[in-house]
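Numbering (this note's numbering), first residue to last: 4 to 416.
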């Protein structure tokens with residue numbers, strides 16, 4: 004018989020919303036903590052940026068979202084929905100293949116309304132401490148209303164962490180940068196291209212954001228130079244652009260404004276734009292180092308979700324990246340909900356720890372750096388057969404949906 008537990012969910016972004024739905028379906032008592040005044044997490048656009056362009060000042064007011072105004076999904080609409088809730092939001096009557104962030108946020112708002120999730124969400128309530136107490140979990144929160152703050156503690160039988168990982172930037176460590184006279188900014192604080200007008204800009208990174216932003220600012224910048232640490236990159240001028248070049252890794256930044264690349268070229272640059280990713284951050288979590296973050300590896304986590312020593316009371320949904328994100332989140336949420344309800348039993352603690360150790364060992368043998376632990380397409384352990392077992396936790400996936408998802412994963416890898 005399924006058991007009913009009181010479960011806290013930290014965050015009302017995609018991961019938190021889907022997790023809340025799956026927990027509610029299993030009959031759990033759900034409380035979702037959201038520190039802002041609306042759902043959506045990273046899909047909420049704000050023109051506001053942080054006072055420190057690199058987001059390094061610990062006293063700065065943190066802006067949660069990293070969305071830039073023109074952002075569109077890098078996965079097609081068909082892969083942005085859930086198994087029983089397809090993405091059907093239109094823009095100006097058009098069902099676009101790659102929706103904009105406005106459409107994604109509307110999709111999530113519709114999801115909340117259609118599944119009656121609003122009643123479970125406590126807005127303007129920040130989780131400041133999560134700590135185990137015997138076999139239960141204390142969640143301390145701080146609620147802001149009308150310029151007043153009130154704190155409270157509540158006891159739960161389980162906590163699911165869904166606070167996202169696109170808020171705390173990683174910044175490249177560049178030789179000579181302290182003496183370099185130009186400006187620096189992280190893509191977390193990029194919104195529109197206009198501030199880069201007539202500037203010579205170096206964009207560091209090789210991910211989707213670097214390519215999107217780099218191409219967008221060519222419309223206003225004097226020159227744009229993409230810099231990647233990939234050894235395959237060779238200096239070249241990109242076709243279809245009059246002012247876009249590709250370079251290798253930055254070698255040194257000089258006091259006279261020159262920036263030298265390892266390919267032997269140099270550029271007199273005005274701005275360096277870091278599209279260098281983000282750090283995982285669980286400032287509220289107190290586990291006595293049972294769960295740690297080491298070079299952006301959150302661990303130990305069994306299948307990126309359960310810390311073996313603290314499972315099933317503590318779990319994480321949505322950590323992996325470079326994945327079919329919405330579907331991956333749904334699979335993880337179904338797994339967590341099924342484990343908490345008692346329908347699925349986790350392996351013994353020792354077996355889960357061994358699995359994690361084997362995972363780390365294979366990553367090392369394949370020379371995959373620690374900071375790529377949660378990057379699924381590079382993971383030699385998470386192959387297609389390893390995904391298939393997850394689907395036994397739910398009968399809501401059709402055979403075709405399972406097949407389609409596994410095919411997508413095989414293509415990505």
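Glycine is no exception: its CB is placed at the ideal position from the N, C-alpha and C atoms.
Assuming residue 17 is part of the alpha helix (DSSP H), what are its boundary residues? For this step, residue 17 is matched to residue 14 along the chain shown. Per DSSP, residue 17 belongs to the alpha helix (DSSP H) from 17 to 28.
Short check: CB of residue 230 to CB of residue 264, under 9 Å? One-based indexing of the chain shown puts residue 230 at position 227. One-based indexing of the chain shown puts residue 264 at position 261. Contact: yes.
Cβ shell of residue 294 (< 6 Å), same chain only, five flanking positions each side left out: Along the chain shown, read from residue 1 onward, the residue named residue 294 stands at position 291. Excluding sequence neighbours, residue 294 sits near 310.
List the residues that DSSP assigns as beta-bridge partners of residue 2. Lying outside 4 to 416, the shown extent of the chain, residue 2 is not represented and no answer is given.
Would you mind reading off the limits of the alpha helix (DSSP H) that contains residue 337? For the purposes of this step, residue 337 is taken as the residue at position 334 of the chain shown. Its alpha helix (DSSP H) spans residues 328 to 344.
Apply the 10 Å Cβ neighbour rule to residue 271 and answer buried if 16 or more other Cβ atoms are within range, or exposed otherwise. Residue 271 sits at position 268 when you count from the first residue of the chain shown. Exposed, since its Cβ has fewer than 16 Cβ neighbours within 10 Å.
With distances taken from CA atoms, which of 18, 346, 146, 40 is nearest residue 84? Against the chain shown, residue 84 aligns to sequence position 81. The option with the nearest alpha carbon to residue 84 is 18.
Are there 16 or more other CB atoms within 10 angstroms of the CB of residue 12, so buried, or fewer, so exposed? Taking the chain shown and counting its residues from 1, the one referred to as residue 12 is at position 9. Residue 12 comes out buried.
Can you name the residues that DSSP bridges to residue 141? Locating residue 141 in the chain shown gives position 138, where the first residue counts as 1. DSSP lists 134, 158 as partners of residue 141.
State the start and end residues of the unbroken alpha helix (DSSP H) segment that holds residue 212. The sequence position of residue 212 within the chain shown is 209, counting from 1. Start and end: 211 to 220.
State the Cα-Cα distance for the pair residue 392 and residue 332, rounded to the nearest angstrom. For the purposes of this step, residue 392 is taken as the residue at position 389 of the chain shown. For the purposes of this step, residue 332 is taken as the residue at position 329 of the chain shown. Only weak support is given to the placement of residue 392: the predicted model assigns it a pLDDT of 46, under 50, and the value that follows is read from those uncertain coordinates. So the alpha carbons of these two residues sit roughly 15 Å apart.
What is the C-beta distance between residue 162 and residue 316, in whole angstroms, given that I count them as a contact (C-beta under 8 Å)? The residue given as residue 162 occupies position 159 in the chain shown. The residue given as residue 316 occupies position 313 in the chain shown. That pair is a contact at about 7 Å.
For residue 196, which three-state DSSP category applies? For the purposes of this step, residue 196 is taken as the residue at position 193 of the chain shown. Looking at residue 196 - three-state DSSP - the assignment turns out to be coil, as it is neither helix nor strand.
Given that a residue counts as buried once 16 or more other Cβ atoms are within 10 Å of its Cβ, and exposed if not, what is residue 2? With the chain covering 4 to 416 only, the question about residue 2 has no answer from this structure.
Per DSSP, residue 170 is paired with what? For this step, residue 170 is matched to residue 167 along the chain shown. None; residue 170 has no bridge partner.
How would you write the range of the alpha helix (DSSP H) that residue 104 sits in, first residue to last? Here the question's residue 104 lines up with position 101 in the chain shown. Here the alpha helix (DSSP H) through residue 104 covers 104 to 117.
Spatial distance of residue 206 from residue 144 (CA atoms): Counting from 1 along the chain shown, the entry for residue 206 is found at position 203. Counting from 1 along the chain shown, the entry for residue 144 is found at position 141. Taking the straight line joining both Cα atoms gives about 39 Å.
Top-ranked residue by Cα proximity to residue 244, from 224, 235, 251: Locating residue 244 in the chain shown gives position 241, where the first residue counts as 1. Taking only the C-alpha atoms, the option nearest residue 244 is 224.
Using a Cβ-Cβ cutoff of less than 6 Å, which residues in the same chain neighbour residue 177 once the five nearest sequence positions on both sides are dropped? For this step, residue 177 is matched to residue 174 along the chain shown. Cβ neighbours of residue 177 beyond the five flanking positions: 253, 256.
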